[in-house]
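**Q** Pasting a structure here, questions to come.
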Amino acid sequence: TYFGEEGLAQTGLSGRWLLPHPWADANELTVEVTDGESEAFGGENFQDFAGLVHLKNFWDVGDAAYFEWGLSGAVGKSDLGHGRQIWGSDVTYHWQPPSRAKYREVTWRTEILLSNYDLPGGGSESAWGGYTYGEGLVAQNLYAGARFDWVEDPLDPGHRTWGVVPYLTWWQSEFVRLRAELRHFEDQWTDHSDDSLLLQLTWAAGPHKHETY
Numbered sequence: 001t002y003f004g005e006e007g008l009a010q011t012g013l014s015g016r017w018l019l020p021h022p023w024a025d026a027n028e029l030t031v032e033v034t035d036g037e038s039e040a041f042g043g044e045n046f047q048d049f050a051g052l053v054h055l056k057n058f059w060d061v062g063d064a065a066y067f068e069w070g071l072s073g074a075v076g077k078s079d080l081g082h083g084r085q086i087w088g089s090d091v092t093y094h095w096q097p098p099s100r101a102k103y104r105e106v107t108w109r110t111e112i113l114l115s116n117y118d119l120p121g122g123g124s125e126s127a128w129g130g131y132t133y134g135e136g137l138v139a140q141n142l143y144a145g146a147r148f149d150w151v152e153d154p155l156d157p158g159h160r161t162w163g164v165v166p167y168l169t170w171w172q173s174e175f176v177r178l179r180a181e182l183r184h185f186e187d188q189w190t191d192h193s194d195d196s197l198l199l200q201l202t203w204a205a206g207p208h209k210h211e212t213y
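Numbers 1 to 213, taken from my numbering, label the letters of the sequence shown in order.
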């Protein structure tokens, strides 16, 4: 709803900096400037550019886990030709015991988003959204997880949609991934629901990125 199916897939420049870390084990700042051509923003060239900033804070939690907290902001022009801003905050917890890394792993991630549209006649429209998901390694190379989404329409906050997506992911190798998802979404405004099954195959060719050739 906020970013479209392709997300923030835009042309631009990106820079990352490791910052001093007085309050965390590591802090990273990402700054991007793009042409703004996406479903989230209505730009067509760098005259209508979009900007994105993300601050990531990282903490080790013992030898087997870590915690991340991030803050994000994206600004640009909407397809109405006026300003649009999207703010976000995310948390991630990852657990993987070193002695059982091939068989035990848990990841939990949650993100809250606030979308703000500047309206042509003045004023603005704000809407909330977010998701949370958890997944675990249930056998070697096999992950099971579930995601919950809830979102308000950016231009009609009274129009809300929620969804639940359980899924299985199997890594046949480091180059081949298979995934099955069962998607259930409900529109609270119209009481319409939608169910679908998604089967996905992803593969890569070429040398392993960690190998030297």
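Beta carbons: idealized from backbone N, C-alpha and C, even for Gly.
Which class does Y213 belong to by DSSP, given the choice of helix, strand or coil?
**A** For the purposes of this step, residue 213 is taken as residue 213 along the sequence shown, with counting starting at 1. Model confidence at Y213 stands at a pLDDT of 43, short of 50, so the residue's coordinates are unreliable; what they give is reported in the following sentence. Residue state, collapsed to three classes: coil.
**Q** In three-state DSSP terms, what is D79?
**A** Walking along the sequence shown from the start, residue 79 turns up at place 79. It is coil, neither helix nor strand.
**Q** How many Å lie between F221 and D25 at the Cα?
**A** Residue 221 cannot be examined here, being either before or after the span of the chain that is shown, 1 to 213.
**Q** Over what stretch of residues does the beta strand (DSSP E) that includes E215 continue unbroken?
**A** Examination of residue 215 is not possible in this model, given that the chain is present from 1 through 213 alone.
**Q** Using only alpha-carbon positions, find the residue among Q96, S115, A101 that is nearest to T107.
**A** Here the question's residue 107 lines up with position 107 in the sequence shown. Per the Cα distances, Q96.
**Q** Just the C-alpha distance for G206 and G163, rounded to the nearest angstrom, thanks.
**A** By 1-based counting over the sequence shown, the position of residue 206 is 206. By 1-based counting over the sequence shown, the position of residue 163 is 163. C-alpha separation (whole angstroms): 37 Å.
**Q** Which one of L114, A64, E32 has the shortest CA to CA distance from G88?
**A** The residue you call residue 88 lines up with position 88 of the sequence shown. Checking every option, the nearest Cα to that of G88 belongs to L114.
**Q** Do the CB positions of G145 and Y167 come within less than 7 Å of each other?
**A** As a working note, residue 145 is residue 145 in the sequence shown. As a working note, residue 167 is residue 167 in the sequence shown. Yes, the pair counts as a contact, with Cβ atoms nearer than the cut-off.
**Q** Please state the DSSP three-state secondary structure of P157.
**A** Here residue 157 corresponds to residue number 157 of the sequence shown, with the count starting at 1. Of the three classes helix, strand and coil, the one that applies to P157 here is strand, per DSSP.
**Q** Drop a sphere of 10 angstroms on the beta-carbon of S173, count the other beta-carbons inside from all chains shown, and report buried for 16 or more, exposed for fewer.
**A** Here residue 173 corresponds to residue number 173 of the sequence shown, with the count starting at 1. Classification of S173: exposed, given that the 10 Å Cβ count is below 16.
**Q** Checking 7 Å against the spacing of the C-beta atoms, do L55 and L18 come in under that value?
**A** To locate residue 55, count along the sequence shown from 1; it is residue 55. To locate residue 18, count along the sequence shown from 1; it is residue 18. Going by C-beta atoms, L55 is not nearer than 7 Å to L18.
**Q** So, does the stretch 197 to 206 touch the stretch 176 to 184, judging by three or more C-beta pairs under 8 Å?
**A** The answer is yes - the stretch 176 to 184 touches the stretch 197 to 206, with three or more Cβ pairs under 8 Å.
**Q** Could you tell me if P154 is buried or exposed, where buried requires 16 or more neighbouring beta carbons within 10 angstroms of its beta carbon?
**A** By 1-based counting over the sequence shown, the position of residue 154 is 154. Classification for P154: buried.
**Q** Below 8 Å on the Cβ atoms is my guess for L199 versus L182; work out the distance and round it to an integer in Å.
**A** Within the sequence shown, the letter at position 199 stands for residue 199. Within the sequence shown, the letter at position 182 stands for residue 182. Actually they are not in contact, since the Cβ atoms of L199 and L182 sit about 11 Å apart, beyond 8 Å.
**Q** Could you tell me the alpha carbon to alpha carbon distance between Y213 and Y143, rounded to whole angstroms?
**A** Position 213 of the sequence shown, counting from 1, holds the residue named residue 213. Position 143 of the sequence shown, counting from 1, holds the residue named residue 143. Low local confidence applies: a pLDDT of 43 at Y213 is under 50, so the model's placement there is unreliable, and no value is given.
**Q** Buried or exposed, going by whether 16 or more other CB atoms sit within 10 Å of the CB of Q10?
**A** Reading the sequence shown from its first residue, position 10 is the one you call residue 10. The residue is buried, with at least 16 neighbouring Cβ atoms inside 10 Å.
**Q** Measure the Cβ-Cβ separation of G12 and V31 and say whether it is below 7 Å.
**A** The residue given as residue 12 occupies position 12 in the sequence shown. The residue given as residue 31 occupies position 31 in the sequence shown. Result no, Cβ atoms of G12 and V31 do not sit closer than 7 Å.
**Q** Buried or exposed: where does T190 fall if 16 or more other Cβ atoms within 10 Å of its Cβ makes it buried?
**A** Here residue 190 refers to the residue found at position 190 when the sequence shown is read from its first residue. It is exposed - the Cβ of T190 has fewer than 16 other Cβ atoms within 10 Å.
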